[in-house]
Structure formats: structure tokens, C-alpha cells
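No gaps in the numbering here: position 41 of the sequence shown is 40 in numbering that gives the first Met the number 0, and each next residue is one more.
Even for Gly, the Cβ is constructed at its ideal location relative to N, Cα and C.
One structure below.
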Amino acid sequence: MLTGQMMDWPLLVSAILEHGAGTFGDRPITTRSVEGPVVSQTIARTAVRARRLANVLRVLGVERADRVATLAWNTHRHVELYYAISGAGAVCHTMNPRLHPSQFAYILNHAEDGVLFTDLTFLKLIAAVAPQLEHLRHVVVLTDPAHMPDPSELGELRAQVHCYEALLAAESDRYVWPDLDERAACALCYTSGTTGHPKGVLYSHRSTVLHAMGFSLPGAVPLAESDVILPVVPQFHVLAWGIPYAAVMNGAGMALPGPGLDGASLTALMNQTGTSVAAGVPTVWHGLMAHWQQTGERVPSLERIVIGGSAAPRAMLQGFEETYGIRAIHAWGMTETSPLGTVSTLKPSLAGVDAETRYAKLQKQGRPVFGVELRLAGGDGAALPHDGKAVGELMVRGPWIAAGYFKQPGSPLQDGWFPTGDVAHIDPDRYMAIVDRTKDLIKSGGEWISSIDVENLAMAHPQVAMAAVIGVPDDKWGERPVLYVVPSVERDADPDTLRAFLAENLARWQVPDRIVLVDALPLGATGKVKKSALREQWAAGHHATG
Ligand code: ADP
């Protein structure tokens, strides 16, 4: 081999921050703080505070590769933690506060976190599991001295309790980020573990930097210095999809909503900051659109919305584009893929197609960004064709795809590919469409029914605000689909009308025989509909169906 003669410059998270601070130093990071007021600081200021924080970590005894936990909303302080912890060579472990307390304690112990940074909101959660926390030495409350709680609010905690702003004020902002191996771990996220214990995905500096570059490419979620991006997706959910890295790398400003995730709070923050891009799961956009419909409020600066985490219904894509003139970008990914895998953008050759074809394409989960390879595996593991018809398990590989789980022996890979647990097809244009999660597919009379297809169709009806389909045991057919519907604001839903509407577009055996009207759907820790809870509710058998 003739080796190339270029530098081996390590791809490090600290390099993103220093580039951002030096090149785009005046760009804003604006937070609706947990304490209440909106606070704004520049990227340069964020870097100064992150350096102070790196000195704080040293004082707290944090060493290379140590896991440091965060339990926090999207705020400037949480962004500082991302950069300081990883930059110093430790591992930023973001904890999901919506988990069940037993899972919460399990994860903190499994990761062996010695230090935990927490927002004021979560003190009760920590107190509930305090005696079980085996490794915790320090808890730092993300606030200033004026808002510090009494340490007794943290229950029987053996760790020392500190105030974030007081610690920062006591340290110097002189700190030189260490030269790390780019393959060193920088962050840790546990999957929500709908089955079994949650599993830890351990990102490296290299994977994180490459993902941020891939994420912000023009064909994915293009980010420029003139943008302001609002990640509604929490920083505890797959690192806010990597937005805190991609934004600083490109000089995009950030608007961080803290705990204010309702339509009114988001609209206010967007208008205050001139937000041009926002990203989140469909449930959040549903809330935002309902708020706009009810109040007539608008966000004139908003140009693009990234919808991912679960399938974006066509009505939502079309609503954003046609009613509000906002480009909707449908994306697919998972914790194990950092998370960006595919993005649905329209090929130039499809520019003039009719609305039907356009939205049928955009509703798919899209084409892979450079750095992600896709493959479909049939039952025997053999590759299936990309003909838009053959359905198999989606397999992925690339430099930001997980090859293992933290402290778990063995590899999840099959022939070097990561099995996603998603069932999909890929068309000749390379657009991938998720049919279902393996565990949510419904098999009725020997035929598969895609719960996502039925949900999308149901949500296209004006009587339906949200829909979820589960398979329930059936003596004759094995399984049958049951449709749960949250009626839209203005209208009561009528099961017979809905069934007739579905029957126009589905094969007869795919139409749910039973439709359950509910006020709300149970949501899991990442804001997605929790089908396991619906299955339990169904098994408990207290539903009036139509
Ligand atoms: P969990 O949902 O278990 O918390 P993740 O956040 O990693 O874990 O979710 C990843 C899964 O979410 C994917 O495997 C896929 O099933 C689903 N998902 C993500 N984006 C989409 C999308 N755009 N359309 C349909 N499903 C999606």
C-alpha cells in the first residue's frame, strides 16, 4: 500500500467547540431556563464556561473514561456539559428522566456514574432512588446559589451536593483540552428498553464528529451560520439527535426550550429567537399545530421542521408545507445509529410530480446520508432486492453505527451489519420505507398488516388527531388489528365512518374490526406512543369499542 501523506488530525468534540468559538463566536445560544427567564449567551461564552467546567470536573475527581451523568432539559448548561465532559476525556451519560425509577437506578449503577448533574426539576426522582445509588459521589444542581434547594430534598443521598454556578465561579477558564484518541468514548445513551434491561450505546469522538458533519450536509438537515435551530428533541434522547454538535460546528444559533415543550412555549421561544429550523418527534408537532390552529399564532421565521423518531403522517407533512409554508423533513434513525440514518428529500427529477406522488415519496423514511449503508435481510439473512416491494429487516452499517453495547459481551452485528429490528422496503430510487417494528407487525390469517400503514391512513381522516394500531390475539385469525383513536379537536370521531374510510384504501382483512376512542394515547419515555401499554390495557379488557 502507498500510504497517503495527510495529517492524522483527531476528530474530537473539543475541536467542534473551539472551531465554533473562534469562527462563529458571536452566534447565540438562547435558553428558556428552568428557573424561568430567557437567557442568552454566545458560542464564545459557552466555550469559556465549558473550560471552567472542565476544571470543575478535575476538582470533583473525574478522570479519563469516567462516566458523568446528566439529568437535564435542553439548556445552555446542558450544552456546556456535553462539551466539557467529553472534551476532558470523560463520558457524557445523558439520563432520561421519564424512565421508571427502577430503570433509572439500574442505569446509573450500570454506568457507574460518580458525578450527576441535575436540573431542579428532577430532585424528587433522585431522592426516590437515592439509597440504591452505589457509585455516586457528587450531585451538582444546575442552578445558581439563589435557587439552590435544601440538600434534604435529595433524600438519603450519600453523595455531596453542589451548586453549578458556584462551582463554575470558583474555577479558572484557562484549560487546554487534552489530545485524545478519536476512538475514545465521549458519550453514552441507553435505549429505552421496551423489552429487557436498557442497553448502553457508547459513542466515540470520531463517530460524533462524523455524524455532526453528515447530519448537516445539504441533503440532510442543512445548517448555516444564518440559521437558528431549536431541538425540541431532548438532549437526553440520543443527544438531541446530535444537534448541539452540528449547530456549533456550522455556527447556527440554538434556541433551547428547557422544560417548555408545549405549543405556546415553543411558539414564543421560536418568535423570540427567530428560529429557522426545529426538530422533534411527531407528537410534539401535533401539539404545535393544534396550538397554531386554536390561536392563529404563527412563526414567520420557521423554514424547516425535522420530523423523526416515529413515522410522520402524511397529513402532518402536507399540513406544514401547504398550510404554513414550512418544509417538513422526515428522517429515520435510532439510538444505535447516532441517530441519523435516512432523510426524505425529493429528488430533483420528481420536482414536478403531482401531490399524491410527492407525499407518497416524502412520507417514506428516505434515502441514506453519506456514511450510512442500508440493506434488507430476508428470513434466511440473504439480501433482498430494492424493488419497493420486498420486505425484510433493515440492516445498517457505517462509522456512526453501534457495533456493541456498553459492558455487554458479544456483538449484535450479523455479518458486520447492525440489525435494526425495523421491517422495511427500499425502492429503486433508494427511498427506504419502514413498514413496522418487528415486534409491532400484525400477522392476521397468515398475512402481515403494517400498523404504521393503518395509522397513517387513519390520521389522514379529519376526525382523527392521533392513531395507534396494535395486534391482539384472535382465535380465528391469530391476530387482529385494533385501532385506538384520539378524536381531533373539533370533531367527535365515529367508528363506522372511520371504518368505511379505511375500507376504501385497505384490503378488507387489514381494516380493524374494533376501534377504541380515547382522550389520549400512552406515551413512552421519548414521546412516542407506547404500544406495550396499549396491549396491556387491551389485555385488561376495559374498553368500549365501536
Ligand atoms: P426507542 O424508541 O426504543 O426509545 P429509539 O429512540 O432509538 O429507541 O427509536 C428508534 C426506533 O424508532 C427505530 O428503530 C424505528 O422503529 C423508530 N423510528 C425512528 N424514526 C422513525 C421514522 N421516521 N418513521 C418510523 N419509525 C421511526
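Taking Cβ to Cβ, would you say residue i is nearer than 7 Å to residue j?
i	j	result
Y163	V138	no
R26	G252	yes
T69	L80	yes
T437	V422	yes
R31	G279	no
L122	A71	no
V12	S85	yes
A401	E478	no
R366	Y430	yes
Y244	I469	no
I514	A310	no
Quick one: using the 10 Å Cβ neighbour count with 16 as the cut-off for buried, is residue i buried or exposed?
i	result
L90	One detail in the question is off: residue 90 reads as Val in this sequence, not Leu. Buried, since its Cβ has 16 or more Cβ neighbours within 10 Å.
T322	exposed
G218	exposed
F369	exposed
N54	buried
Q509	buried
G526	buried
M394	buried
S215	buried
K530	buried
A549	Residue 549 cannot be examined here, being either before or after the span of the chain that is shown, 0 to 545.
P177	exposed
S348	exposed
Between the options, which lies nearest to residue i when the distance is taken from Cα to Cα?
i	options	result
A223	V231, H236 and M248	M248
H210	I228, L238, Q234 and P197	L238
A354	V463, R313, G387 and H134	R313
A519	L179, V342 and H285	H285
R326	V484, G332 and P299	P299
L373	Q407, P130, T419 and S309	T419
I425	V463, T341 and D414	T341
P480	E503, P486 and R507	R507
D180	L10, Y82 and A186	L10
A466	A457, G35, V61 and R50	A457
Y404	L187, R357, A381 and P281	L187
V208	L316, T29 and S337	S337
F116	R513, G523 and Q159	Q159
T74	T282, G380, L268 and A459	L268
T190	E111, M94, A246 and V128	M94
A83	A126, V38, M6 and V175	V175
V485	H460, W331 and A502	H460
H77	L52, G19 and H99	L52
D379	G387, V371, A184 and E392	E392
Based on the DSSP secondary-structure assignment, which residues constitute the bridge partners of residue i?
i	result
K185	Here residue 185 turns out to be Cys, not Lys, going by the sequence shown. Its beta-bridge partners do not exist; DSSP assigns none.
S337	In DSSP, S337 forms no bridge with anything.
Q413	W416
V78	For V78, which the question treats as bridged, DSSP gives no partner whatsoever.
M394	R374 and P418
M5	In the DSSP output, where bridge partners are listed per residue, M5 has none listed.
Y404	DSSP, once it has assigned bridges, lists no residue as partnering Y404.
Q40	I28
H424	A432
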